[in-house]
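Inspection log for the structure reproduced underneath, given as structure tokens.
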């Protein structure tokens, strides 16, 4: 199809835009002397219908198989002239443009110099055109379904939007229940809506939606393929409870010999649970789960005479034989909504978190003030780890109520010493909210907030912050240096930086306003999807301004905090954005893939993997091939993933991987043409 | 032919005289001695053992334009060697001169190579006898040469201490001697005899040797012998042994064309030790490994060449032994050939 | 290498399609005038540019070479300009070590909105190369006998 | 010092194994003080194996140099291990080769030689010219002891030591299955004095220096072929289409060759110095490689051939890589 080159060169006057400075006749004369040039012409407006007709006529009558248009920027009219070629069945990639307007006639005044430069530009285009190859423009079909990973608020919202639009959604959640971090929260700032009240209806919706297949207590194990055709493998971990039979009555949990022995993750370890449990009353699905690390029967093979839970379950739902189930399916798009972890306050040892019982993280405090939490919403002093030692029949002392509570902001945010330079965006406001909740419940409690800056930038934020201060919460500007104990009291050592006064602040309870950090298991998803990370280690979007929900890989989108800290409305907005972005290819049913992709010469490839490492799209993999009887590894490009940047071609030492239309053998002659003389 | 003497303090003026020709002499840069065109007599370095790169490249350049062309045009512009003018290679070793005499047979064989032969015709060789063998790996005497050998030379110089004994050997040599007559004096009586003694002593100092008898006939019988695998195992496939060999003469012809269509056809040294040397366009290579390539190098020198030209294409200069990065030693290979059964 | 007043250097520039080429186009659309000494090769990304292209251009007659890409963080392909930055820093230092003046091997970040910066870059490169004169170190002599 | 008997005993054991195809070591050379590579496939051959400061070659090259002939139909390729003796510097070539996935770790069996330095054979032969009979070199404390023609001579270590050894940071191999001697503590470090001296010169002086060197090049490709990191199936510098540089030997093409060769080793050269050792016309190739090496270390805190798990230097980046050179 490539054939011996027969090139037509078409030099455009563009009215006087080009011809006013560049001697077009002279350029045409010069072009006609270049190798393989069969015809060189000029015309007032090449992009006009008669101009394009000149080209198509020549292609048909002279049998041209390469076309050079010397006119404006290819960024302007390359698509136009590609179509011109296509209209007479010439492969559109046999076009090369010479930009003699934007980068020549419009920027140079001297006609002689401009004409000379125009000739060089045309020559470079001709020598490249001689070596152009026909490329295929490929389309792939898109499976009308989406995988959403993570069922926090972002994942739930995205799943609902897509399902409502009529596409199938597979919603995969690692934990036994959907809801994510949002369902742990008490109230939301600044409106003080009850978090559970606004979220539970959506949780129920995802479980019941006919287009959503919800997989909780499940993990994505393998992802292959590319946009339109991802192959997914999910492991549904065994709960040892038959989901169809379990009625969620809770008899089993009460019966469990280990009831109340283990910290409940949902309550951030403040509350306790047994080996069989429902993380929280509104959990969706409302099905019990056996924790196989702690279940006596599963760890020791023995639980008294027989497992108590099994005895208690009237529905006969408990089955210790149940195994993990592997589910495989295909999707066209993927939304990653894996959320975040809170900063591990132990990394700031000066705050003595984990040393003193009443130094809490804000998320623990959320559970403490939450009406559905372990204390029923009562704010009391904690005596951690003592519960287990309580002897039978011993009278519990009445809980002590803190007389003063101190919040410390920016724990693990804006802090280079722990490697987190960024602002977590939610701490200022949730601190204000929690301070308000304290004041609401314990009017006389003295509430102090240590802060660096208060960032109240969102809708209604500044007003809320103001309100909280008016309620008597004391804000001290300063970053505490140490927390220690003096008698019964915790002492926060700090400097009030507004007055430059060192101070030691006594308090009963300290709440650390911990920041949001990438999940500790981020790596799993990165490895599965080959996502990139930004410098803060959250997942990297394709463009910080214009493609905030896309990733470098087509068909994979980001929603919620996994891309960077954000509050609930922002997470929801991004989820809706991701959902609509994912629906575009699903609705159209087809996507075009880049034609100017990379291609490997497997004969010379040495399989070093430099290209694999360099590719931002994970479009290249090493595969084993048989080279004259020897097993060797060579690079192979997945053309559906390749975006045609060419970084691989520059990384390859043996020139074995090349970018179509920008091959070394196409660019080196251009360099020569521009360099000589 | 009158025997003359060139006093050492007159060497520079003699060289100055010769710069009216294209004068090539050994020159030292860093520790490397290479023959190059000399404009200034101070550049010449005659106190050398042997040059790293043999002077063959003066008559057989590493890259040589044959003709120029314009693509699509029938006209060619041939290289005119005559333009290079009369050339004098001053101070080359007898083995390297003898090598030229051996290679002459190839270039004037079935096709008379105009470029090479013209250049040879324009060139006068002024040799410098090896009073001391330049290296422990010299073995010229095994191949019919000698530290004082004269084959291929036009003049032989012998270092007599404070002067060189100048012996013209050919008509060309006499002519050159004539040119230099202003700088020459009559040789002291007894110099010739003394030179003969020096020659005998020098031959005695050649430490390595090989009896080549029967090798040309035996080599083809060892085609599949296991010795080739063994002697080539360490070979890196580089071009040192062949490029630095005074008798190796393989070349490749390539066209170098600009995008404008202007181009030249040039020949350049090639090496049978390179993997692309016999690589076919199909991808097939009849000499796929260093085993076949090593076998070819030895066979070409010690079998094919003597069969065709009645002389072994090796002068025993020892360069390939001295400079091989992995100590592949042609004498060891030949000994194995002799011993092989 | 004496400075010659009438010396008009020849500069070969590699521009990424999305930022620098667009920036150069914008200079045109804005009719910002600059010296005609720079000839452009368009690539999709600065990450495509093999540093050996620099060597090749200098050998083939360019007096200077410019590589221009998107500002860090703005690469259309996310990372290409970072790879280019590493490769060029090394190549530029190396060429300087051989005696190629650093004025001849330049790199810039020019975004699609920086038409004015493009002009400044060109002027700086052209003036820099003018100051060091024609590149005649290892330039390929055409058709040597 | 490596106990030769122990070396041979270990070698005999290794080569007797069913899963080992070949052992690459050293043996006495054909004359003078030279040593050369030895390829052992049979237990009967192990008695020729030696190790001494004359064992200059980097044998890691041979792991990737060996040609693979087409496997005849119906036969299986011989994928048994290759055992190789390596000094500290040589071992880094193995590490770098594995970083580049040239082969799997299981494919090789590494006999590590903690190295106290090797000689520069040019220096030896200049000091002891005309030695034909096979001689021996051993290191005794800070002196080399040379035995030849019934004579014994002592030379201060520094006088004969190869330059690369005076900058060696890794005398003990970084990868091995068996170590043939006690580990050797680092006895030298690299201050890049040679590179810095050249960096300080003017552009004119630099080019005058290199032009002279490059014009000597005869393009024998020994520097490339000996290099353990140059193991492409088909070197891009040999190719005709596209042709990066012409075959013509002149200062322009030679310079292009040397730039391309050195650049291809940027972040890959492991400083074994073999290229410079083998160059017949004494081009200081390591001064080229070391410029990259120095910059790579200073700019990117990267030392090739020290970590097989590291991502290749030019296939990775840091967001805050230096860019003060960018307009």
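Residue numbers (the numbering used here), protein chains in the order written: chain V, 1 to 677; chain G, 1001 to 1341; chain P, 2001 to 2145; chain H, 3001 to 3327. Note that CB positions come from ideal geometry on N, CA and C, so glycine has one too.
In this structure, residue 162(V) keeps its C-beta atom at 8 Å or more from the C-beta atom of residue 240(V).
Going by DSSP, residue 448(V) is part of no alpha helix (DSSP H) but of the beta strand (DSSP E) stretching over 446-451.
Counting other Cβ atoms within 10 Å of its Cβ, residue 3130(H) stays below 16 and is therefore classed as exposed.
Residue contact check for residue 1208(G) against chain H: a CB pair falls below 8 Å. Note on geometry: alpha-carbon atoms of residue 3302(H) and residue 596(V) lie some 34 Å from one another.
Interface residue (Cβ-Cβ distance to chain P less than 8 Å): residue 3204(H) is classified as such. At a cut-off of 8 Å between beta-carbon atoms, residue 3073(H) makes no contact with chain G. Residue environment for residue 1034(G): buried (at least 16 other C-beta atoms within 10 angstroms of its C-beta). The beta-carbon of residue 3081(H) is placed no less than 8 Å from the nearest beta-carbon of chain V. Taking every protein chain shown into account, the CB of residue 1037(G) has fewer than 16 other CB atoms within 10 angstroms, so this residue is exposed. Of all residues in the region 1237-1271 of chain G, those with a C-beta nearer than 9 Å to a C-beta of chain V are 1258, 1259, 1260 and 1261, reading in chain order. Following the DSSP letters along the chain, one finds residue 349(V) in no beta strand (DSSP E), marked with neither H nor E. The beta carbon of residue 1074(G) does not come within 8 Å of any beta carbon belonging to chain H, so the residue lies off that interface. Bridge pairing for residue 557(V): 335(V) and 550(V) [DSSP].
DSSP places residue 157(V) in the helix class (H, G or I) of the three-state scheme. DSSP places residue 537(V) in the coil class of the three-state scheme, outside both helix and strand. Selection 2037(P), 2016(P) and 2072(P) evaluated against residue 120(V) yields 2037(P) as nearest (Cα-Cα). For the region 3228-3259 of chain H, the residues whose beta carbon sits under 7 Å from a beta carbon of chain G are, in order, 3238, 3246, 3247, 3248, 3249 and 3250. Per DSSP, the unbroken beta strand (DSSP E) holding residue 1123(G) starts and ends at 1123-1128.
For residue 3263(H), no beta strand (DSSP E) encloses it; the enclosing alpha helix (DSSP H) starts and ends at 3251-3264. Spanning the alpha carbons of residue 3040(H) and residue 3050(H) requires a straight line of approximately 12 Å. Between the alpha carbons of residue 3026(H) and residue 1335(G) lies a gap of roughly 21 Å. Within 7 Å of the CB of residue 3315(H), the CB atoms of chain V belong to 610, 613, 614 and 651, in sequence order along the chain. 8 Å or more divides the Cβ of residue 1005(G) from the Cβ of residue 1128(G).
In the DSSP assignment, the residues bridged to residue 11(V) are 42(V) and 70(V).
Looking at the DSSP output, residue 125(V) sits in no beta bridge, so it has no partner there. Chain P places no beta carbon closer than 8 Å to that of residue 11(V), leaving this residue out of the contacts. Residues of the region 648-676 of chain V whose Cβ lies closer than 8 Å to any Cβ of chain P, in chain order: 649, 650, 651, 659, 662, 664, 667, 668, 670, 671, 672, 674, 675 and 676. Within the region 1029-1054 of chain G, 1029, 1030, 1031, 1032, 1034, 1052 and 1053 place their CB atoms closer than 8 Å to a CB of chain H, listed in sequence order. Within chain H, no residue has its CB atom less than 7 Å from the CB of residue 1336(G), the nearest being about 11 Å off. In summary, residue 3229(H) is buried, with 16 or more beta-carbon neighbours lying within 10 Å of its beta-carbon over all protein chains present. With a cut-off of 8 Å on Cβ pairs, the region 341-349 of chain V is in contact with the region 514-524 of chain V, counting three or more such pairs. Partner residues in a beta bridge of residue 1179(G), as assigned by DSSP, do not exist. Counting C-beta atoms within 10 angstroms of its own C-beta, residue 3057(H) has 16 or more neighbours from the protein chains shown and is therefore classed as buried. Rounded to the nearest angstrom, the Cβ distance from residue 88(V) to residue 8(V) is 12 Å, too far for a contact under 8 Å. The C-beta of residue 3212(H) comes no closer than 8 Å to any C-beta of chain V.
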